[in-house]
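Here is the structure we will look at, set down as structure tokens.
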Amino acid sequence: MDKTQQVFQSVLFNISKLLQVDQEPEKVFTNVLELTRQIIPFQKSTLYLYDSRTDELELVTTLGGAINLADLFSLGKGKGLSGWTAEAKRPIILGNLHPNAMEDEEIIRSFLSVPLLLNESLVGVLNCGHYERHAYQEEDLMNLQIIASQIAGIIEHARATIQLMEKNIELEEVNDELKRAQDKLIESEKLATIGQMAVRLSHEINNPLTIITGTLQLIEEELAEVKGDTEVADIKKQFDVVEEQVDRIQMVVEKLFNVKQVVTESYTKDIRMLILDPPYDKT
Numbered sequence: 004m005d006k007t008q009q010v011f012q013s014v015l016f017n018i019s020k021l022l023q024v025d026q027e028p029e030k031v032f033t034n035v036l037e038l039t040r041q042i043i044p045f046q047k048s049t050l051y052l053y054d055s056r057t058d059e060l061e062l063v064t065t066l067g068g069a070i071n072l073a074d075l076f077s078l079g080k081g082k083g084l085s086g087w088t089a090e091a092k093r094p095i096i097l098g099n100l101h102p103n104a105m106e107d108e109e110i111i112r113s114f115l116s117v118p119l120l121l122n123e124s125l126v127g128v129l130n131c132g133h134y135e136r137h138a139y140q141e142e143d144l145m146n147l148q149i150i151a152s153q154i155a156g157i158i159e160h161a162r163a164t165i166q167l168m169e170k171n172i173e174l175e176e177v178n179d180e181l182k183r184a185q186d187k188l189i190e191s192e193k194l195a196t197i198g199q200m201a202v203r204l205s206h207e208i209n210n211p212l213t214i215i216t217g218t219l220q221l222i223e224e225e226l227a228e229v230k231g232d233t234e235v236a237d238i239k240k241q242f243d244v245v246e247e248q249v250d251r252i253q254m255v256v257e258k259l260f261n262v263k264q265v266v267t268e269s270y271t272k273d274i275r276m277l278i279l280d281p282p283y284d285k286t
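With the numbering used here applied, the sequence shown covers 4 to 286.
The structure is reproduced here in structure tokens:
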């Protein structure tokens with residue numbers, strides 16, 4: 004086996020290994036062009052993927068820059084000769100482009116384009132361009148066609164990886180939405196429970212408090228008729244303290260009615276306490 008054949012076999016082997024490497028699709032596409040360069044010389048190369056939804060080619064990777072060859076007109080599934088390659092599913096080899104250009108001008112003079120097919124289905128198009136005239140021979144076209152099917156398989160694998168990543172992102176978004184809906188439902192259930200508790204407390208606490216408040220007022224009215232008794236004055240002060248605590252209890256019940264958000268804080272190791280005056284977000 005001569006050196007050229009050894010290089011060709013090595014490239015085939017390394018291209019097949021790309022299926023076993025866990026890399027980002029963009030990196031895989033770049034590696035494909037870099038490996039292709041080892042057997043097909045080029046100054047510029049472009050890799051297109053075929054999108055069956057739009058029936059057009061999409062440029063995904065370049066090496067050395069994009070080949071804008073005859074891109075001002077449309078041929079089949081895309082602009083220029085790449086579109087013709089995709090539509091006809093046939094390769095193109097050109098060796099004397101821009102015949103009137105200066106020899107030192109860096110423009111594409113030789114062009115090689117092959118369709119990437121997998122089970123006769125179009126996957127993409129691979130273009131190679133060289134500044135020299137007649138840089139590509141039939142042997143180059145044959146070699147590129149040989150590796151084209153492997154490249155098509157790699158592209159399909161990378162495309163499946165992209166689709167899986169997109170599905171995972173969608174799944175994460177759905178899970179986040181479900182989590183937010185679940186949290187909102189739990190919050191609503193907590194608020195409903197607090198509301199029911201507030202109604203119960205209002206009945207069980209406010210009624211006795213009303214009786215206590217009324218009784219205190221009657222006692223205070225009777226004590227008001229007693230004058231000059233220091234002990235009576237002290238009792239009135241104690242009643243004022245009791246009234247303050249009664250008002251405090253009524254305020255707690257009222258705050259329970261007005262709870263808009265369930266905010267808690269640690270009370271003990273195993274118990275959390277509801278905050279009745281949380282810093283609500285007014286926005």
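Even glycine gets a Cβ: it sits at the ideal position worked out from N, Cα and C.
Would you kindly work out how many angstroms separate the C-alpha atoms of residue i and residue j, rounded to a whole number?
i: ILE95; j: ASP186; result: 60 Å
i: GLY86; j: GLU59; result: 8 Å
i: VAL256; j: LEU174; result: 44 Å
i: GLU142; j: GLU180; result: 56 Å
i: LYS240; j: ILE278; result: 31 Å
i: GLU27; j: ARG56; result: 23 Å
i: ALA69; j: LYS182; result: 45 Å
i: LEU167; j: ALA91; result: 31 Å
i: ILE189; j: VAL266; result: 13 Å
i: ALA184; j: ILE172; result: 18 Å
i: LEU219; j: ILE208; result: 16 Å
i: GLU29; j: LEU38; result: 14 Å
i: ARG136; j: GLN12; result: 27 Å
i: PHE76; j: LEU84; result: With a pLDDT of only 42 at PHE76, under the threshold of 50, the placement of this residue in the model should not be trusted; the figure read from the coordinates follows. C-alpha separation (whole angstroms): 9 Å.
Do residue j and residue i count as a contact pair if the criterion is CB distance below 7 Å?
i: GLU61; j: LEU50; result: no
i: ILE154; j: LEU119; result: yes
i: GLN148; j: VAL117; result: yes
i: PHE260; j: ALA163; result: no
i: ALA151; j: SER113; result: no
i: GLY127; j: ILE158; result: yes
i: THR88; j: THR64; result: no
i: PRO41; j: GLY67; result: Looking at the sequence itself, residue 41 is Gln, so the reference to Pro does not match. For GLN41 and GLY67, no; Cβs fall outside 7 Å.
i: TYR262; j: ILE197; result: The sequence shown places Val at residue 262, not Tyr. Yes, the Cβ-Cβ distance between VAL262 and ILE197 is below 7 Å.
i: ALA161; j: VAL35; result: no
i: PHE242; j: GLU223; result: yes
Nearest to residue i by CA position, among the options, is which residue?
i: GLU247; options: ALA227, THR216, THR57, ALA236; result: THR216
i: VAL249; options: VAL266, LEU212, GLU228; result: LEU212
i: LEU100; options: HIS133, ASN17, GLU225; result: HIS133
i: HIS206; options: PRO102, GLN253, GLU123; result: GLN253
i: LYS258; options: THR233, ASN210, LEU204; result: LEU204
i: ASP54; options: LEU194, ASN210, SER124; result: SER124
Quickly, what does DSSP pair residue i with across the bridge? List them, please.
i: GLY1; result: Residue 1 lies beyond the stretch modelled for the chain, which goes from 4 to 286, so this question has no answer here.
i: HIS133; result: SER113
i: GLU59; result: ASP54
i: LYS30; result: Its beta-bridge partners do not exist; DSSP assigns none.
What are the complete alpha helix (DSSP H) segments, minimum 4 residues, inside the stretch 147-176? none
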